[in-house]
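Residue numbers (this note's numbering): 18 to 290.
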């Protein structure tokens with residue numbers, strides 16, 4: 018047995034039959050970054066690179082039972098929460114994890130990369146409880162617009178929107194810039210209730226193979242926090258891993274293809290400001 022066991026990372030998310038996002042992307046990412054992956058599956062999807070054909074949500078009680086099994090026996094050093102499946106699942110998780118002592122990364126999944134809706138309005142309303150207990154929440158620009166009620170947030174207003182969300186829930190917000198209009202670079206910003214902590218930039222990769230980028234980033238971030246990395250450095254490494262996984266995408270599928278987490282061997286640091 019190793020003298021330094023890997024950090025235990027619990028991913029609570031949906032299953033993607035095509036392997037590109039959700040639980041499957043999380044397991045690959047956590048493993049490649051030296052973590053021990055555990056799962057609580059919230060829903061099973063039938064999907065490919067073109068879209069989601071069907072979703073079967075697991076009962077909230079059974080989701081919670083999976084969480085209890087992992088935490089009671091093995092324990093966890095960090096938790097990542099993604100697709101929820103139902104508002105009741107969101108409520109039960111917020112109640113159960115309120116006393117969890119480690120970091121929690123919440124990726125407020127609403128829509129798949131293909132455009133398929135993965136959370137209804139009632140479930141999105143249930144996100145509030147999870148943001149109250151999370152260490153960091155990782156919305157992309159469309160998700161930030163929904164969570165703040167601000168439509169069409171311009172680039173120069175992203176910080177203000179993220180700060181408003183951080184203030185409301187007492188959570189650190191990693192506002193992701195992948196959906197912004199800049200065609201040359203992607204800028205992400207980490208904002209706390211006290212203000213901006215850092216921003217990160219990298220060149221935009223011209224590719225259609227971006228299925229599971231949000232899942233990969235959030236599970237990478239949870240893993241690095243499980244390794245006890247400081248938040249800003251954990252974000253830096255998680256972004257570098259996600260960028261490398263996009264660069265190494267295998268090119269599968271005729272739509273938005275999966276990333277190449279298994280091929281990542283070298284990380285390039287992001288530009289901070």
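In this text, a Cβ means the ideal position worked out from N, Cα and C, and glycines have one as well.
Anticipated Cβ contact below 8 Å, residue i with residue j, distance rounded
| i | j | result |
| --- | --- | --- |
| residue 151 | residue 121 | 5 Å |
| residue 31 | residue 62 | 6 Å |
| residue 67 | residue 272 | 4 Å |
| residue 109 | residue 189 | Not really, about 24 Å apart at Cβ, beyond 8 Å. |
| residue 175 | residue 141 | Not a contact, Cβ separation roughly 20 Å. |
Residues that residue i bridges to, as DSSP identifies them
| i | result |
| --- | --- |
| residue 53 | 25 |
| residue 97 | 28 and 122 |
| residue 213 | 208 |
| residue 58 | 30 |
| residue 64 | 69 |
| residue 74 | 60 |
| residue 220 | 202 |
| residue 109 | Partner(s): none; residue 109 has no beta bridge. |
| residue 278 | DSSP, once it has assigned bridges, lists no residue as partnering residue 278. |
Same chain only: Cβ atoms within 6 Å of residue i, ignoring 5 sequence neighbours per side
| i | result |
| --- | --- |
| residue 95 | 26, 119, 120, 239, 242 and 243 |
| residue 149 | 186 |
| residue 260 | 219 |
| residue 84 | 57 |
Assigned exposure category for residue i - 16 Cβ within 10 Å defines buried
| i | result |
| --- | --- |
| residue 87 | buried |
| residue 233 | buried |
| residue 104 | buried |
| residue 159 | exposed |
For residue i, the nearest candidate out of the options (CA to CA)
| i | options | result |
| --- | --- | --- |
| residue 209 | 228, 184, 157 and 194 | 184 |
| residue 107 | 124, 64 and 91 | 124 |
| residue 269 | 98, 53 and 225 | 225 |
| residue 250 | 231, 263 and 191 | 191 |
| residue 222 | 263, 230, 245 and 255 | 263 |
| residue 195 | 165, 155 and 182 | 155 |
| residue 146 | 112, 182 and 126 | 112 |
| residue 23 | 38, 48 and 42 | 48 |
| residue 29 | 97, 77 and 75 | 97 |
| residue 70 | 229, 165 and 34 | 34 |
| residue 237 | 216, 167 and 50 | 50 |
Contacting residues, own chain, Cβ-Cβ under 7 Å from residue i (five flanking each side not counted)
| i | result |
| --- | --- |
| residue 280 | 265 |
| residue 91 | 25 and 55 |
| residue 115 | 150 |
| residue 213 | 176 and 206 |
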